[in-house]
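Colleague: One structure coming up, written as structure tokens, with questions to follow.
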Amino acid sequence: MQTVDASINKALSVENMATERLASIPWPLADRPFVIAEIGINHNGDLEVAKALIRAAKEAGCDAVKFQKRTIDIVYTPEVLAAPRQSPWGETQRAQKEGLEFGEAEYDAIDAYCRELGLAWFASAWDVPSQSFLAKYDLPYNKLASAMLTHRPLVEAVAAEGKLVFASTGMCTFEQIDSAVEILRAAACPFVLMHTVSTYPTPPADLNLMAIDTLRRRYGAPVGYSGHEASVEPSLVAAMLGAVAIERHITLDRTMYGSDQSASLEPNELKVLVSRLRDLREWLGDGEKRITPGEASVAEKLRYWSGDAT
Ligand SMILES: C=C(OP(=O)(O)O)C(=O)O
């Protein structure tokens, strides 16, 4: 847990470097961006699936796993809950939402399991009582889901905790992001703004990764990427554009039941992502133009003419 916190602190402390060096490639972490495996609701209400996803995230080298916590009767209206919906849990929206929701017993087990594996976990609360529920676990981070960035009481509750917040910006106008940023800054709460497009999966033409730079310029804050495409590469580009955190949904199998599964990465893909994110830093180098020791001997062989050709 210590090393994870240290890398995030490092990312935050170099935010000015990232904004000042817009002409070059900002790279806020020495090693790679902070990687969050978003389990969300991909566990389908099954604790064993949740544990398998936690294990897979740990094995892939992720820095944290994340869940979503809702109080069903607050987040959804009675009309929505009564509406018909076929699911493995029954015939109504209520049956489906309740089937997907973990309670205290499951979160106790998740907390114990993550501690045993030495992996940080946290969750996005979708209502204020859910945020209070999470307090019991003394989690290292908070998350504001895109859908909740406009929920003023929730943003205020999260800001008041003062933990590092990953704040997603899907479906949001600048004015809506401005209001949330104002609340976070007023509470002196550190945050990473996440560029997000809230479609599942997101079509390539809608990814708009350059918005990472737009957000960083406008807010002068560290920016990350919460992606919903079914591929690895856009997250690498996000990292190239200076994303300090990458959040990707994880699934055991994209064909499983659930609205987020098709917008998720499978364990082997997440492993490739973490590994390529690490490689990327090495590939970028320091930008200084030099002849490498390996090139010097190749030059001797290939430049066989005599005299000065320049
Ligand atoms: C939906 C969520 O996040 P995002 O908006 O980043 O997809 C969430 O964290 O619950």
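Read in order, the letters of the sequence shown are residues 1 to 310 in the numbering used here.
We put the CB at the ideal spot given by N, CA and C, even for glycine.
Assign residue 17 to one of three DSSP states: helix, strand, or coil.
Modeller: Low local confidence applies: a pLDDT of 37 at residue 17 is under 50, so the model's placement there is unreliable, and no value is given.
Colleague: Could you give the distance in angstroms between the alpha-carbon of residue 26 and the alpha-carbon of residue 85?
Modeller: The pLDDT assigned to residue 26 is 40, lower than 50, so where the model puts this residue is not dependable; a value taken from the coordinates is nonetheless given after this. Residue 26 and residue 85: Cα-Cα distance of roughly 46 Å.
Colleague: Considering only heavy atoms of ligand 1, does any lie closer than 7 Å to the CB of residue 264?
Modeller: Result no, Cβ not under 7 Å from ligand 1.
Colleague: Confirm the yes/no value for this check: CB of residue 235, any heavy atom of ligand 1, distance under 7 Å.
Modeller: no
Colleague: Should residue 270 and residue 50 be called a contact, given that it needs their Cβ atoms to be closer than 8 Å?
Modeller: no
Colleague: Three-state secondary structure (DSSP) at residue 137?
Modeller: coil
Colleague: Under 8 Å, with one C-beta from each stretch per pair, do the segment 151-171 and the segment 94-109 reach the 3-pair mark?
Modeller: no
Colleague: Does DSSP put residue 193 in a helix, a strand or coil?
Modeller: Reduced to three states, the DSSP call for residue 193 is strand.
Colleague: Which whole-angstrom value is the C-beta distance of residue 219 and residue 246, which I expect to be below 8 Å?
Modeller: No, residue 219 and residue 246 are not in contact; Cβ-Cβ is about 18 Å, not under 8 Å.
Colleague: Quickly, what does DSSP pair residue 223 with across the bridge? List them, please.
Modeller: Among the bridge pairs identified by DSSP, residue 223 is matched with 193.
Colleague: Ligand 1 and residue 176: does the residue's C-beta get closer than 7 Å to at least one heavy atom of that ligand?
Modeller: no
Colleague: Cβ atoms of residue 76 and residue 97: under 8 Å apart, would you say?
Modeller: yes
Colleague: State yes or no: is the C-beta of residue 143 nearer than 7 Å to some heavy atom of ligand 1?
Modeller: Indeed, a heavy atom of ligand 1 lies less than 7 Å from the Cβ.
Colleague: Is the beta carbon of residue 169 closer than 8 Å to that of residue 139?
Modeller: no
Colleague: Under 7 Å Cβ to Cβ from residue 257, same chain only, skipping five residues before and after it: list those, please.
Modeller: 44, 88
Colleague: Per DSSP, what kind of secondary structure is residue 65 in: helix, strand or coil?
Modeller: strand
Colleague: Using CA atoms only, rank isn't needed, just tell me which of 166, 47, 294 is closest to residue 248.
Modeller: 166
Colleague: Per DSSP, what kind of secondary structure is residue 91 in: helix, strand or coil?
Modeller: strand
Colleague: Tell me which same chain residues have a C-beta within less than 6 Å of the C-beta of residue 35, skipping the five on either side of it?
Modeller: 62, 63, 246, 274
Colleague: Whole angstroms is fine: what's the gap from residue 297's alpha carbon to residue 231's?
Modeller: Rounded to the nearest angstrom, the two C-alpha atoms are 40 Å apart.
Colleague: Taking 8 Å as the limit between beta carbons, can you name the residues of its chain near residue 95, skipping five residues before and five after?
Modeller: 85, 87, 89
Colleague: Report the three-state DSSP secondary structure of residue 84 (helix, strand or coil).
Modeller: strand
Colleague: From the DSSP secondary-structure annotation, give me the bridge partner or partners of residue 143.
Modeller: 124, 166
Colleague: Give me the residue from 58, 305, 272 with the minimum Cα distance to residue 233.
Modeller: 272
Colleague: Between residue 199 and ligand 1, is the CB less than 7 Å from at least one heavy atom?
Modeller: no
Colleague: Does DSSP put residue 101 in a helix, in a strand, or in coil?
Modeller: coil
Colleague: Tell me which residues share the same chain as residue 129 and place their Cβ nearer than 7 Å to its Cβ, disregarding the 5 neighbours each side in the sequence.
Modeller: 71, 74
Colleague: With residue 238 as the anchor, note down where its alpha helix (DSSP H) starts and where it stops.
Modeller: 233-240
Colleague: Of the residues 259, 252, 277, which one's Cα is nearest the Cα of residue 265?
Modeller: 252
Colleague: For residue 276, report the span of its alpha helix (DSSP H) as first-last.
Modeller: 267-284
Colleague: What does the alpha-carbon distance come out to for the pair residue 295 and residue 106?
Modeller: 57 Å
Colleague: Please report the straight-line C-alpha distance between residue 122 and residue 65, rounded to a whole angstrom.
Modeller: 7 Å
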